[in-house]
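Those letters in the sequence shown? Residues 37 to 267, by the working numbering. Ideal Cβ positions, reconstructed from N, Cα and C, are used throughout, including at glycine.
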Amino acid sequence: MTVVVFDLDDTLYKELTFVESGFKAVSFDLHNRFGLKPEETFQTMWLELQRHGRGKVFNCVLARYGLETKGNILHCLNIYRMHRPDISLYDDARRCLEELKAYPMYIVTDGNKLVQQSKLQALGLYDHEFIRHCYITRRYGIKNEKPSPHCFMKICEREQVDPKDVVYIGDNPNKDFVGIKPLGFRTVRIIRGAFSELIKPNDYEAEHQIESLDELANLLGLNAYKDPFAC
């Protein structure tokens, strides 16, 4: 029996929708606290994100209105992290979870513990009937975030299988596959999200690439006599 493990961000849902949801929550908080127009503060944050990335988004919007203090920055960050996100699964992810329900399925995700838990809850994955467990890697220490195989080995122990019996689907070749491929885990890269155009050396790449999770069942051999991963 193949065990199926999914990444979360940009694999099962569009990660930018979480960012958008968080910026909206911060915008409404700034409106409530300082009377700022939420449409304007949201646009300021979104433009800063597009131009310079996420690092100084809240600094930028607060500075524009003369409100840049350490306390206000931390408050915005807390609102962003703790808000209930308005996000949803990709359509193909929803179909895939249903189609693969006969397989043991898990999620392994990096990031802030509370943020990732909030995402999983909003997506209905934290207690999903087909997901056996969601591993938030930082709960085991930053050193055990990907590319560490720590959580993947925990799945092997839980299911009493070898790495060759586990297939992992992720989107980020910087870290998703390089730590587990040498141990025999099988790997599939879905081409979408922020890393869709990234090309890495072979050690970092997955064995297989797909453009939609609708392709996964066939790749795993659910609809065929031969498992493409089998030797």
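- request: Starting from the N-terminal side, write out each stretch of the beta strand (DSSP E) that is 3 residues or longer and does not extend beyond the segment 150-180.
  value: Within the segment 150-180, the complete beta strand (DSSP E) runs of at least 3 residues are 167-172.
query: Shortest alpha-carbon distance to H164 belongs to which of G102, Y142, Y101, L256?
result: The shortest Cα separation from H164 among G102, Y142, Y101, L256 belongs to Y142.
- request: Drop a sphere of 10 angstroms on the beta-carbon of K182, count the other beta-carbons inside from all chains shown, and report buried for 16 or more, exposed for fewer.
  value: With 16 or more other Cβ atoms inside 10 Å of its own Cβ, K182 counts as buried.
- request: Tell me whether M37 sits in a helix, a strand or coil according to DSSP, three-state version.
  value: Correct three-state label for M37: coil.
- request: May I have the straight-line CA-CA distance separating V197 from N180, to the nearest angstrom?
  value: Approximately 20 Å between the Cα atoms of the pair.
message: Would Y101 and V62 qualify as a contact pair, given that the criterion is a beta-carbon distance under 8 Å?
response: V62 is positioned such that its CB atom lies no closer than 8 Å to that of Y101.
query: Is the beta carbon of D207 sitting closer than 8 Å to the one on F231?
result: Contact flag set, yes.
- prompt: Just the Cα atoms here: how many angstroms apart are Y261 and L252?
  reply: A caution first: Y261 carries a pLDDT of 39, below 50, which makes its placement in the model too unreliable to give a value.
- prompt: When DSSP labels each residue in this structure, what does Y240 get in the three-state scheme?
  reply: For Y240, the secondary structure class from DSSP, reduced to helix, strand or coil, is helix.
message: Quick check on R175: buried or exposed, where buried means 16 or more other Cβ atoms within 10 Å of its Cβ?
response: Classification of R175: exposed, given that the 10 Å Cβ count is below 16.
field: Segment contact flag, the segment 152-162 with the segment 77-96, C-beta cutoff 8 Å, min 3 pairs
entry: With the cut-off at 8 Å, the segment 152-162 and the segment 77-96 do not touch.
- prompt: Rounded to the nearest angstrom, how far is the Cβ of F213 from that of Y240, given a contact under 8 Å?
  reply: Yes, they are in contact, since the Cβ atoms of F213 and Y240 sit about 6 Å apart, within 8 Å.
task: Flag this pair as yes or no: are the beta carbons of Y126 and Y49 separated by less than 8 Å?
output: Contact flag set, yes.
query: If you drop the 5 nearest sequence neighbours on each side, which residues of the same chain put their C-beta closer than 6 Å to that of M81?
result: Contacts found: F59, V93, V97.
message: Helix, strand or coil, according to DSSP, for F42 in the structure here?
response: For F42, the three-state secondary structure derived from DSSP is strand.
field: Cβ-Cβ separation, T38 to L256 (assumed contact under 8 Å), whole Å
entry: The Cβ separation is near 6 Å, so the contact holds.
- request: Closer than 8 Å by C-beta to S124: which residues in its own chain qualify, once you throw out the five before and the five after it? Chain order, please.
  value: These residues qualify, in order along the chain: Y49, T53, L159.
query: Buried or exposed: I235, going by 16 or more other Cβ atoms within 10 Å of its Cβ?
result: Residue environment analysis places I235 among the exposed positions, since fewer than 16 neighbouring C-beta atoms fall within 10 angstroms of its C-beta.
- prompt: Taking the DSSP output, what are the residues bridged to L125?
  reply: Per DSSP, Y49.
task: Would you kindly work out how many angstroms separate the C-alpha atoms of A99 and E75, rounded to a whole number?
output: Distance between the alpha carbons of A99 and E75 is about 17 Å.
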